[in-house]
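Take a look at the structure below.
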Amino acid sequence: MMAVFDKMKERLLKAGVYDDDAAALCWELKAYAAEIERLYAQLREMFQERFITTAQDTGLSAYERIFGPVREDETVEERRRLLLLRLNLGNGDFTLDGFRRALDSFGLSYTISEFPAIGRMNVISTTNYSPAEQAWIKHEVSKIVPAHIEFQLSFNTMTWEHWDALDRTFGTFDSDDMTWDQIDNQTDSE
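The sequence shown begins at 0 in numbering that gives the first Met the number 0 and counts up one residue at a time.
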């Protein structure tokens with residue numbers, strides 16, 4: 000607060016509005032300085048939140064609402080990294096490596112299977128998202144897939160490691176009379 004107070008006092012004294020020992024000057028300027036300091040703090044925060052690389056909270060949330068997904072469960076550094084990846088797509092990124100960077104920007108854990116002879120690509124994500132988040136991510140990813148590629152993005156938390164950990168054979172699963180959805184959603188405790 001003193002920096003603002005001192006600057007205002009110096010300028011008013013130079014203008015000849017007040018005498019140097021005027022008590023009224025000090026009280027009046029201290030009241031103004033307190034509010035100006037509060038406004039400066041808000042401006043500093045707004046400026047900080049304006050840029051992804053310096054944003055801490057509201058700026059990141061605003062960018063995530065635009066470029067998504069909103070990842071408030073992640074650290075600030077991870078949220079920044081994902082947003083910067085998302086905004087870093089260019090015309091030359093429609094290669095497998097560019098596509099991987101795009102998928103990384105959504106924070107997905109995934110495997111890609113390519114079938115170039117038939118122009119198909121399958122992506123299986125093991126990241127756990129709600130159905131609404133899955134739909135949104137599928138929509139957003141479809142925007143960056145070249146039009147000539149048939150593309151499928153599946154969300155499945157049942158990995159081969161998970162299958163192996165269940166220590167059951169396919170015959171055992173057949174005898175349970177379960178659908179694939181029931182098997183996919185089976186947890187370790189079942």
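Built from N, CA and C at the ideal position, the CB exists for glycine as well.
Inter-residue CB distance, residue i and residue j (contact presumed, cutoff 8 Å)
i    : j    : result
L84  : S104 : 4 Å
V3   : A32  : 4 Å
R79  : T52  : 6 Å
V69  : Q55  : Their Cβ separation, rounded to whole angstroms, is 15 Å, which puts V69 and Q55 out of contact at 8 Å.
L82  : F98  : Wrong, their Cβ atoms sit about 18 Å apart, outside the cutoff.
F136 : Y128 : For clarity, residue 136 is Ile in the given sequence; the question names Phe instead. Indeed, because the Cβ distance is near 7 Å, the residues count as touching under 8 Å.
Extent of the continuous beta strand (DSSP E) run through residue i
i    : result
S124 : 119-124
Contacts around residue i, its chain only, beta-carbon distance under 7 Å, and the 5 residues preceding and following it disregarded
i    : result
D175 : none
L11  : Y17, L24
M7   : L28, Y31, A32
Bridge partner(s) assigned by DSSP for residue i
i    : result
Q151 : N121
S112 : N121
Extent of the continuous alpha helix (DSSP H) run through residue i
i    : result
E139 : 130-141
S174 : 169-174
T57  : 57-66
F46  : 22-49
F98  : 95-103
R18  : The sequence given here has Asp at residue 18, not Arg. That residue, D18, is in no alpha helix (DSSP H); it is neither H nor E in DSSP.
A164 : 159-165
R80  : 75-86
Contact set for residue i: own chain, Cβ-Cβ below 6 Å, skip 5 residues either direction
i    : result
K13  : none
I111 : V122
I119 : Per the sequence presented here, residue 119 reads as Arg, with Ile not at that position. Here the set comprises E149.
L95  : none
E63  : V69
Own chain partners of residue i with C-beta closer than 8 Å, once the 5 adjacent residues on each side are dropped
i    : result
R100 : L84, N87, L88, D92
R49  : G58
At least 3 beta-carbon pairs within less than 8 Å: the segment 138-158 vs the segment 120-129: yes
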